[in-house]
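> Handing you a structure now.
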Amino acid sequence: MISATNITMQYPIPKRYVEYLTQPFQTNYFKALKKINIEIQSGDRIAFLGVNGAGKTTFLKIIGGLLYPSSGSLCINGIDTQKQNLKARKRVGFVLNEERSFYWRLTGKKNLLFFGALDNIKGEELHKKVEELLRMVGLEDSKDKIFAGYSSGMKQRLAIARGLLSNPDILILDEPTRTLDPLSAEVIGTIISERIHNKKERTLLIATHSLSEAQILCNKICFMKKGQIIDYSSIKSIISEYGTLENYYKKMMNDEMVLDKVQQKIVLQ
Ligand SMILES: Nc1ncnc2c1ncn2[C@@H]1O[C@H](COP(=O)(O)OP(=O)(O)OP(=O)(O)O)[C@@H](O)[C@H]1O
Numbered sequence: 001m002i003s004a005t006n007i008t009m010q011y012p013i014p015k016r017y018v019e020y021l022t023q024p025f026q027t028n029y030f031k032a033l034k035k036i037n038i039e040i041q042s043g044d045r046i047a048f049l050g051v052n053g054a055g056k057t058t059f060l061k062i063i064g065g066l067l068y069p070s071s072g073s074l075c076i077n078g079i080d081t082q083k084q085n086l087k088a089r090k091r092v093g094f095v096l097n098e099e100r101s102f103y104w105r106l107t108g109k110k111n112l113l114f115f116g117a118l119d120n121i122k123g124e125e126l127h128k129k130v131e132e133l134l135r136m137v138g139l140e141d142s143k144d145k146i147f148a149g150y151s152s153g154m155k156q157r158l159a160i161a162r163g164l165l166s167n168p169d170i171l172i173l174d175e176p177t178r179t180l181d182p183l184s185a186e187v188i189g190t191i192i193s194e195r196i197h198n199k200k201e202r203t204l205l206i207a208t209h210s211l212s213e214a215q216i217l218c219n220k221i222c223f224m225k226k227g228q229i230i231d232y233s234s235i236k237s238i239i240s241e242y243g244t245l246e247n248y249y250k251k252m253m254n255d256e257m258v259l260d261k262v263q264q265k266i267v268l269q
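The numbering of the sequence shown is full-length UniProt numbering, which starts it at 1 and goes up by one.
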């Protein structure tokens with residue numbers, strides 16, 4: 001179980017920008033997360049939705065132990081990610097949507113061997129694990145190609161394999177199909193639903209802007225707005241109330257637009 005209690009995240013604003021802000025907005029910090037409280041049950045598959053800048057990636061990085069919150073606590077199966085960071089991080093695999101962290105001149109297989117060794121997996125066990133993961137993500141025939149020669153879809157599949165090296169209970173995927181064409185996106189979706197979730201009752205946390213991806217891969221929605229969770233519901237209950245995820249999303253967005261207009265009016269008057 002993942003348990004977040006009063007998680008707040010403040011990013012520093014560089015001094016040179018602060019002087020352009022007018023009172024009452026003049027502050028040295030930007031609050032990206034505001035008192036987040038949530039309990040996520042093991043085995044749940046949750047889509048994090050919300051507009052750009054809502055705080056999804058920041059919150060997922062805190063769950064993954066890649067960022068420490070400014071205040072509050074985050075526990076994974078009772079392990080506090082700040083007090084026992086390494087132990088908690090072992091339970092979580094993180095698939096970021098960026099390629100820079102791989103070694104471009106190494107083959108896909110050698111990249112996985114390198115990251116596996118960093119995870120302290122050794123010898124025969126490491127080789128077996130890497131071969132198994134390459135098969136799982138359908139890269140067994142391209143494992144000896146250098147990473148630079150991979151397509152975006154192949155790079156993303158390798159990133160998923162890397163996220164699974166430590167056999168984590170929780171897999172976090174940040175916009176896993178953002179840069180992919182529809183067919184490559186479908187392949188990733190199939191890998192996630194048929195080979196990753198089904199294999200082990202893994203908890204999946206997926207930040208996405210694709211409602212169809214959310215509906216196919218997940219059973220719950222966590223809707224974020226301006227650093228807060230404004231809704232956490234099962235997709236079943238959303239569909240029975242709103243008919244479609246699109247209607248639900250529009251309702252959430254309309255509320256936001258109405259709120260923004262009200263705030264604009266207040267500022268303008
Ligand atoms: N390292 C950072 N330093 C300063 N501000 C940051 C940093 N990272 C994120 N932010 C700010 O925090 C807010 C939340 O960002 P975050 O990336 O978590 O949102 P998001 O919901 O994942 O957005 P997107 O859908 O665009 O990925 C944004 O306003 C962003 O500009």
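For each residue, glycine too, the CB sits at the ideal point set by N, CA and C.
1. Are the CB atoms of L171 and V95 within a distance shorter than 8 Å?
2. Is the beta carbon of M224 sitting closer than 8 Å to the one on G50?
3. What alpha helix (DSSP H) runs, 4 residues minimum, are completely inside the segment 148 to 201?
4. Which residue's Cα is closest to the Cα of Y232: P12, Q41 and M9?
5. If you reduce the DSSP assignment to three classes, tell me which class N37 lands in.
6. Which residue spans inside the segment 225 to 256 form an unbroken beta strand (DSSP E) run of at least 3?
7. Nearer than 7 Å: is that true of the beta carbon of K251 relative to any heavy atom of ligand 1?
8. For M1, which residues in the same chain have their Cβ closer than 7 Å to its Cβ, ignoring the five residues on either side in sequence?
9. Check each candidate in T57, L33 and D119 and name the one with the smallest Cα separation from S71.
10. Taking the alpha-carbon positions, what's the F102 to S234 distance?
11. Going by DSSP in three states, K145 sits in which element: helix, strand or coil?
12. Around ligand 2, which residues pass a check of Cβ closer than 5 Å to any of its heavy atoms?
13. Return the bridge partner residues of S73 from the DSSP annotation.
14. Please go through the same chain and pick out, in chain order, the residues whose beta-carbon is closer than 8 Å to the beta-carbon of I63, but skip the five residues on each side of it.
15. In or out: Y150 buried (at least 16 other Cβ within 10 Å) or exposed?
16. Give a yes or no on contact between the segment 137 to 155 and the segment 117 to 125, applying the rule of three or more CB pairs nearer than 8 Å.
17. Should G116 and K129 be called a contact, given that it needs their Cβ atoms to be closer than 8 Å?
18. Please report the residue range of the beta strand (DSSP E) in which F94 lies.
19. What do you get for E213, buried or exposed, if any count of 16 or more other CB atoms within 10 angstroms of its CB means buried?
20. Please identify the residue among F48, I7, N37 and N247 whose C-alpha is closest to the C-alpha of K31.
21. Roughly how many angstroms separate the alpha carbons of A185 and I191, rounded to a whole number?
22. Which of the three DSSP states, helix, strand or coil, is assigned to Q82?
Short version:
1. The sequence position of residue 95 within the sequence shown is 95, counting from 1. The sequence position of residue 171 within the sequence shown is 171, counting from 1. The answer is yes: Cβ separation under 8 Å.
2. In the sequence shown, counting from the first residue as 1, residue 224 sits at position 224. In the sequence shown, counting from the first residue as 1, residue 50 sits at position 50. Against a cut-off of 8 Å, the Cβ pair of G50 and M224 comes out as a contact.
3. 152 to 163 and 182 to 190
4. Taking the sequence shown and counting its residues from 1, one reaches residue 232 at position 232. Among P12, Q41 and M9, the Cα nearest to that of Y232 is on Q41.
5. As a working note, residue 37 is residue 37 in the sequence shown. DSSP places N37 in strand when its eight states are reduced to three.
6. 228 to 234
7. Mapped onto the sequence shown, residue 251 falls at position 251. No.
8. Looking up residue 1 in the sequence shown gives position 1. Only E39, I40, Q41, S42 and N77 meet the Cβ criterion.
9. To locate residue 71, count along the sequence shown from 1; it is residue 71. Closest option to S71, Cα to Cα, is L33.
10. As a first step, residue 102 must be located in the sequence shown, where it is residue number 102. As a first step, residue 234 must be located in the sequence shown, where it is residue number 234. Whole-angstrom Cα-Cα distance: 36 Å.
11. As a first step, residue 145 must be located in the sequence shown, where it is residue number 145. Coil at K145, not helix or strand.
12. Absence of ligand 2 from the depicted structure is noted, with ligand 1 being the only ligands included.
13. Position 73 of the sequence shown, counted from the first residue, corresponds to residue 73. Answer is T5, bridged to S73.
14. Taking the sequence shown and counting its residues from 1, one reaches residue 63 at position 63. Counting only Cβ-Cβ distances below 8 Å, and skipping sequence neighbours, we find I2, A4, L74, I76, T81, V92, I170, I172 and L205.
15. Counting from 1 along the sequence shown, the entry for residue 150 is found at position 150. Burial call: buried.
16. no
17. If you number the sequence shown from 1, residue 116 lands on position 116. If you number the sequence shown from 1, residue 129 lands on position 129. Yes, the pair counts as a contact, with Cβ atoms nearer than the cut-off.
18. Reading the sequence shown from its first residue, position 94 is the one you call residue 94. That run of the beta strand (DSSP E) goes V92 to V95.
19. Locating residue 213 in the sequence shown gives position 213, where the first residue counts as 1. With 16 or more Cβ atoms within 10 Å of its Cβ, E213 is classed as buried.
20. Position 31 of the sequence shown, counting from 1, holds the residue named residue 31. Checked all of F48, I7, N37 and N247; the closest Cα to K31 is I7.
21. The residue given as residue 185 occupies position 185 in the sequence shown. The residue given as residue 191 occupies position 191 in the sequence shown. Taking the straight line joining both Cα atoms gives about 10 Å.
22. As a first step, residue 82 is located in the sequence shown; it is residue number 82 there, counting from the start. Three-state result, Q82: coil.
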